[in-house]
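Structure first, then comments.
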Amino acid sequence: MSKEKKRSNDESKTEQTTFYHEIIGVISIVLSIIILGKLGKLGEWFTIFTKVLFGDCYWFLVIFIFIYGTYNLIMHKSFDFKHQRFIGYIFIALGILVFAHFRLHSIVQKRGGNFFKTTWTIYINYISNPSDIYLGGGIVGSLIFYIFYYLFGVIGVVLIASILLVMGMSLLINKTLVEITESVTKRLKFLGKYTRNFNKFFKYEMGIKKEKVLEKHSIFGKNIKLPLKVLEEYQNLMNLGFQEKVSYDIKSLITSVFNNLNIEYKELKMDISYSFTRYEYLFFTKIDHLVVRERLKNVLDEKIIYHLVNYNTVVIEINNRHFQILAIRNLLMMQESLYNNYIIPIGINSEKRIVEVDINKSGHLLLVGSSNSGVTNFVRSFVVALFVKQNLSNYEIKIIDNSEDFKAFNDIIEILSGDLNQIFTTIIDELEERINILSKNSVNTIEEYNRKIEVNNLDLEILMKKFYIINKYTDEESNYNHFENKLMYIAQLGVKCGINIVYIVREERYITTIINSIFQDKLVFRTDTDSFSQSVLNNNYATFLTGRGDCYYLNKAESIRIQTALTNNIDFNNVIKYLLK
Numbered sequence: 026m027s028k029e030k031k032r033s034n035d036e037s038k039t040e041q042t043t044f045y046h047e048i049i050g051v052i053s054i055v056l057s058i059i060i061l062g063k064l065g066k067l068g069e070w071f072t073i074f075t076k077v078l079f080g081d082c083y084w085f086l087v088i089f090i091f092i093y094g095t096y097n098l099i100m101h102k103s104f105d106f107k108h109q110r111f112i113g114y115i116f117i118a119l120g121i122l123v124f125a126h127f128r129l130h131s132i133v134q135k136r137g138g139n140f141f142k143t144t145w146t147i148y149i150n151y152i153s154n155p156s157d158i159y160l161g162g163g164i165v166g167s168l169i170f171y172i173f174y175y176l177f178g179v180i181g182v183v184l185i186a187s188i189l190l191v192m193g194m195s196l197l198i199n200k201t202l203v204e205i206t207e208s209v210t211k212r213l214k215f216l217g218k219y220t221r222n223f224n225k226f227f228k229y230e231m232g233i234k235k236e237k238v239l240e241k242h243s244i245f246g247k248n249i250k251l252p253l254k255v256l257e258e259y260q261n262l263m264n265l266g267f268q269e270k271v272s273y274d275i276k277s278l279i280t281s282v283f284n285n286l287n288i289e290y291k292e293l294k295m296d297i298s299y300s301f302t303r304y305e306y307l308f309f310t311k312i313d314h315l316v317v318r319e320r321l322k323n324v325l326d327e328k329i330i331y332h333l334v335n336y337n338t339v340v341i342e343i344n345n346r347h348f349q350i351l352a353i354r355n356l357l358m359m360q361e362s363l364y365n366n367y368i369i370p371i372g373i374n375s376e377k378r379i380v381e382v383d384i385n386k387s388g389h390l391l392l393v394g395s396s397n398s399g400v401t402n403f404v405r406s407f408v409v410a411l412f413v414k415q416n417l418s419n420y421e422i423k424i425i426d427n428s429e430d431f432k433a434f435n436d437i438i439e440i441l442s443g444d445l446n447q448i449f450t451t452i453i454d455e456l457e458e459r460i461n462i463l464s465k466n467s468v469n470t471i472e473e474y475n476r477k478i479e480v481n482n483l484d485l486e487i488l489m490k491k492f493y494i495i496n497k498y499t500d501e502e503s504n505y506n507h508f509e510n511k512l513m514y515i516a517q518l519g520v521k522c523g524i525n526i527v528y529i530v531r532e533e534r535y536i537t538t539i540i541n542s543i544f545q546d547k548l549v550f551r552t553d554t555d556s557f558s559q560s561v562l563n564n565n566y567a568t569f570l571t572g573r574g575d576c577y578y579l580n581k582a583e584s585i586r587i588q589t590a591l592t593n594n595i596d597f598n599n600v601i602k603y604l605l606k
């Protein structure tokens, strides 16, 4: 009873907080529109007040009020006034206010007299008789301007305002001054490449086609890791609160069905995951599970997975209405051993415990799923995890992609395309060359070989680990047997030679007995058909997945539903920028 009362109070507080933020949001947005549109007398008064305070740059305040209102309306939480980006925005606004006051200062100088008094007179006259006159940076801008003007003179004012702008930009884009300088220098060099010859530059701008060699950036070999600070965290408290209420309501409906069917049961657990809720029950009554499942479908009006662990234990999975986001940074931070290993975090289970794959042991990974099922995003997260965990000088990634699904990687990873048979022949040649090297040095694995070089200080080249990501089979179906045989050969010998395969399958016809046997670890994302799901899972559960990164993880020991991490476009672009700088 006390738990239910506490839950009721928490829900009431959540609803009150949500209502409060929505009211604040609506009022702020309406206020910004009134000021910007000068709507009625109220709009005129607000406009005069803000223009006197901030001069002709009063729109800085209007923009902030609008953003503040939108933030409260959408996020339903208090705005963080201590956030570095907001502080950066303030610095930029103050810098612009100071620069905006130079023109008004020249007018004040021509009139003569005390600067403060003359400036104040201009603002008082504007309040009593609003007109289209220049107000500079308003009272705020004039105060800052004249404080530094009397202390340091005109040059000092320019210097201080410039410092405010640079510091504000640094805080706003989360880059140090050194990083900003390097970025500007690179862009100036890039621009200079096209301005050396005016004719070539002019033709380039006019769109005349000409052959050119694209510069490929080789990030591998660099003695760096990707720092976690490049990636963003994500908080899910709001969506979790909403989903908890829904999940408990569904739980009540489930138990009401059991009670109506006179079933004696015990609730074992209820886990609210990121994209689904898992209910587990122990039955003490002999029942017809088909009847129970159909009754649950009718009452809940939801797609459900009704899974028998054994005859008396049932697991019910229902997709969430309010999804939570698992950011790749949050997932990486859950690892006990984050750096200098190949233990890749692939997701979390329903109990929100991390699920990992040791690539050094398992070697290869099979990804199965129809289009827009979350496979592409998982590859992003997999690659980003490698960037964080291991020094770039220790491995290399190549993507075999004839469908251009991974062209976003083109700036940092080599994309191979063309005849798959020829590409695999090249990989096999590399594999056999490595086998010969290991044999000559009387070692069994690439790790032993590299360790031998380091310990004995041998003048030999370290062998880098290689990851080949194969984006689905695109050649003729009649050649698939040859493809399977080559893939099996690489998979069997690749682990000890440091060659790892990630193979993506998008169509049911390419899931064969051989493919299933090659890969110890499999991730099955949403499939469009029951038969596609059956070909890997031996059930149709993959058709119930949401397509938001949830999948089934299969290995020799278990088959569990997990949530993989999201690497959004902002994170991915930040990763590319960092690695290319």
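Numbering (my numbering), first residue to last: 26 to 606. Backbone N, C-alpha and C define an ideal beta-carbon position, used for all residues, glycine too.
What does the alpha-carbon distance come out to for the pair residue i and residue j?
i: residue 583; j: residue 530; result: 21 angstroms
i: residue 48; j: residue 57; result: 14 angstroms
i: residue 487; j: residue 519; result: 17 angstroms
i: residue 295; j: residue 302; result: 7 angstroms
i: residue 358; j: residue 256; result: 11 angstroms
i: residue 238; j: residue 244; result: Note on residue 238: pLDDT 33, under 50, position unreliable in the model; no value is reported.
i: residue 479; j: residue 525; result: 23 angstroms
i: residue 169; j: residue 259; result: 37 angstroms
i: residue 51; j: residue 98; result: 7 angstroms
i: residue 43; j: residue 269; result: 16 angstroms
i: residue 354; j: residue 410; result: 9 angstroms
i: residue 172; j: residue 53; result: 32 angstroms
i: residue 495; j: residue 562; result: 21 angstroms
i: residue 196; j: residue 252; result: 18 angstroms
i: residue 381; j: residue 585; result: 12 angstroms
i: residue 130; j: residue 86; result: 22 angstroms
i: residue 421; j: residue 374; result: 30 angstroms
i: residue 62; j: residue 74; result: 14 angstroms
i: residue 297; j: residue 360; result: 21 angstroms
i: residue 152; j: residue 77; result: 8 angstroms
i: residue 612; j: residue 388; result: Past the edges of the chain, shown from 26 to 606, lies residue 612, and the structure says nothing about it.
i: residue 402; j: residue 474; result: 34 angstroms
i: residue 93; j: residue 104; result: 7 angstroms
i: residue 4; j: residue 333; result: No statement about residue 4 is possible, as the shown extent of the chain runs from 26 to 606 and does not include it.
Indicate the three-state DSSP secondary structure (helix, strand or coil) for residue i in the structure shown.
i: residue 414; result: helix
i: residue 303; result: strand
i: residue 184; result: helix
i: residue 237; result: The predicted model places residue 237 with a pLDDT of 34, which falls under 50 and marks its position as unreliable, so this point remains unresolved.
i: residue 461; result: helix
i: residue 221; result: Confidence at residue 221 is low in this model, with a pLDDT of 47, below 50, so the placement of that residue is unreliable and no value is reported for it.
i: residue 514; result: helix
i: residue 332; result: strand
i: residue 440; result: strand
i: residue 226; result: In this predicted model, residue 226 has a pLDDT of only 40, less than 50, meaning its place in the structure is not dependable; the value taken from the coordinates is given anyway. If DSSP states are grouped into helix, strand and coil, residue 226 belongs with the helices.
i: residue 313; result: coil
i: residue 489; result: coil
i: residue 505; result: helix
i: residue 258; result: coil
i: residue 468; result: coil
i: residue 275; result: helix
i: residue 160; result: coil
i: residue 350; result: coil
i: residue 58; result: helix
i: residue 373; result: strand
With which residues is residue i paired in a DSSP beta bridge?
i: residue 338; result: 307
i: residue 155; result: Note: residue 155 sits in no beta bridge, so no partner.
i: residue 424; result: 440 and 494
i: residue 383; result: 368
i: residue 295; result: 304
i: residue 344; result: 301
i: residue 1; result: Absent from the structure is residue 1, since the part of the chain shown begins at 26 and ends at 606.
i: residue 392; result: 529 and 548
The ligand GDP and residue i: does any heavy atom of the ligand fall closer than 7 angstroms to the residue's C-beta?
i: residue 405; result: Among the components modelled here there is no ligand, and therefore nothing to report on the ligand GDP.
Can you list the alpha helix (DSSP H) stretches of 4 or more residues lying completely in the region 523 to 599, in chain order?
-> Within the region 523 to 599, the complete alpha helix (DSSP H) runs of at least 4 residues are 538 to 543 and 555 to 562.
For the region 60 to 131, list the alpha helix (DSSP H) runs that are entirely contained and at least 4 residues long, ordered along the chain.
-> Scanning the region 60 to 131 for uninterrupted alpha helix (DSSP H) segments of 4 residues or longer gives 65 to 79 and 84 to 100, listed from N- to C-terminal end.
Counting Cβ pairs closer than 8 angstroms, one from the region 325 to 343 and one from the region 539 to 549, do we hit at least three?
-> Output reads no: the region 539 to 549 does not touch the region 325 to 343.
Touching or not, the region 523 to 538 and the region 390 to 403, by the rule of three or more beta carbon pairs under 8 angstroms?
-> Touching, per the Cβ criterion.
Quick check: the region 501 to 508 against the region 468 to 475, are there 3 or more CB pairs under 8 angstroms?
-> By the Cβ test, the region 501 to 508 is not in contact with the region 468 to 475, since fewer than three Cβ pairs between them sit closer than 8 angstroms.
Touching by the beta-carbon criterion (3+ pairs, under 8 angstroms), the region 110 to 117 and the region 142 to 155 = Verdict: no, contact absent.
Does the region 408 to 424 come close enough to the region 566 to 586 to have 3 or more Cβ pairs within less than 8 angstroms?
-> Flag = no, the region 408 to 424 and the region 566 to 586 do not touch.
Are at least three pairs of beta-carbons, each pair with one atom in the region 439 to 456 and one in the region 278 to 287, less than 8 angstroms apart?
-> Taking a cut-off of 8 angstroms on C-beta distances, the region 439 to 456 does not touch the region 278 to 287, as fewer than three cross pairs fall below it.
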